[in-house]
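Numbering (numbering that gives the first Met the number 0), first residue to last: 0 to 288. Here a beta-carbon is modelled for each residue, glycine too, at the ideal position from N, C-alpha and C. Note that the structure is a prediction, hence the values are computed from the model and not measured.
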Amino acid sequence: MQAVPWWGESHRELAEVQEEDLFQDFEEDTMAGATEYETILVTKQDRVGTITLNRPDKLNACNLVMWSDISRALTDLENDESVRVIVLTGNGRAFSAGEDVDILEFDKGIVTAIKFSEMIFGVFSQFEKIPKIIIAAVNGYAFGFGISVTLFCDIVLASEKAKFGWKEIDHGLMPPETLLTGAEILGKRDIAYLTLTGETFDAHEAKAIGLINKVLPHDQLMTEAYRIADILKKGAPLSQAAIKRTLNRRSKENNDYALSMIPTILATSDAAEGRRAFLEKRPPVYEGK
């Protein structure tokens, strides 16, 4: 049973009556289990399933449809016994440039923020809980969602052209779903610096701090991803799943606290100002509200 967050079930029920539910399509599509995808490409070959983020005109920015597509694709690949390993990559010059600004409209109230937080945690949880090994092949820009999702993959490769950064701070936001995992992988000091400053860094810096496993020439990225997948698909699946499950164990109390932070921040005036400033191409003016 899912834990009731700090805002309380009665508060949520009241909010759902009063506010527009922008996540109905996400929930209906995910529950329906449809196999058609609008924002990703899914292929299966030689026991390897590949998910390719496919909004190249938007630098593969993640919108609600993409969240749903990724969730359904992971479920499909997990249930397909012919697939042993999953590869995640992007089409075009970006892995993913972050969240699509169109879904960062959180002045609609707490129910929008709550559902967004639950959606994020739900999909990232899928990455961790699926027993099959997931390889991220970062082919270009990886900001916001793009960098965060790598924390929930098991092996991460990057092209020498890749650029990384947590840009949420530039929009009056924070990435609580990644802070705990990021602190475990990178250490508290590095994750604090990178999320507080929003600085961009390259693949070699990402390797130096432990965010990725390997830096590769751009034209060798996918070759190496599939070479590693070929090794993994011949391995002992129960042992692989046990290793993954052990590495991904963490405190439920910490997870619940991180979950509660998303609606807290998303519902602020500063978050709305960050979005407006981005759309108006000007520096944001924050008031701590």
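| query | result |
| --- | --- |
| Exposure of residue 83, with buried meaning 16 or more beta-carbon neighbours within 10 Å | buried |
| Residue ranges of each alpha helix (DSSP H) within the segment 188-271, 4 or longer | 202-207, 220-232, 236-246, 251-265 |
| DSSP-derived helix/strand/coil call for residue 29 | Bear in mind that the predicted position of residue 29 carries a pLDDT of just 48, short of 50, making it too unreliable to give a figure here. |
| Buried versus exposed, by CB contacts within 10 Å (16 or more), residue 233 | exposed |
| Alpha carbon of residue 273 to alpha carbon of residue 157, nearest angstrom | 29 Å |
| Residue 80 versus residue 56 - alpha carbon distance | 34 Å |
| Buried/exposed call for residue 268, threshold 16 Cβ in 10 Å | exposed |
| Closest by C-alpha distance to residue 126, when choosing among 189, 149, 54, 282 | 149 |
| Sequence-distant residues of its chain with Cβ nearer than 7 Å to residue 160 (five each side left out) | 139, 217 |
| Meets three-Cβ-pair contact criterion under 8 Å: the segment 188-198 and the segment 219-235 | no |
| Span of the alpha helix (DSSP H), counted from its first residue to its last, around residue 178 | 175-185 |
| Counterpart residues of residue 64 in DSSP-defined beta bridges | In DSSP, residue 64 forms no bridge with anything. |
| N-terminal and C-terminal residue of the beta strand (DSSP E) that residue 164 is part of | 162-164 |
| Sequence-distant residues of its chain with Cβ nearer than 6 Å to residue 30 (five each side left out) | Note on residue 30: pLDDT 46, under 50, position unreliable in the model; no value is reported. |
| Residue from 122, 175, 172, 208 whose Cα sits closest to the Cα of residue 71 | 122 |
| For residue 95, the residue or residues it bridges with in DSSP | 141 |
| Under 8 Å between C-beta atoms of residue 143 and residue 167 | yes |
| Where the beta strand (DSSP E) containing residue 43 begins and where it ends | 39-44 |
| Helix, strand or coil at residue 85 [DSSP, three-state] | strand |
| Through-space distance from residue 40 to residue 33, alpha-carbon basis | For residue 33, the predicted model reports a pLDDT of 46, less than 50, meaning its position is unreliable; a value from the coordinates is still stated below. Cα to Cα, residue 33 sits roughly 14 Å from residue 40. |
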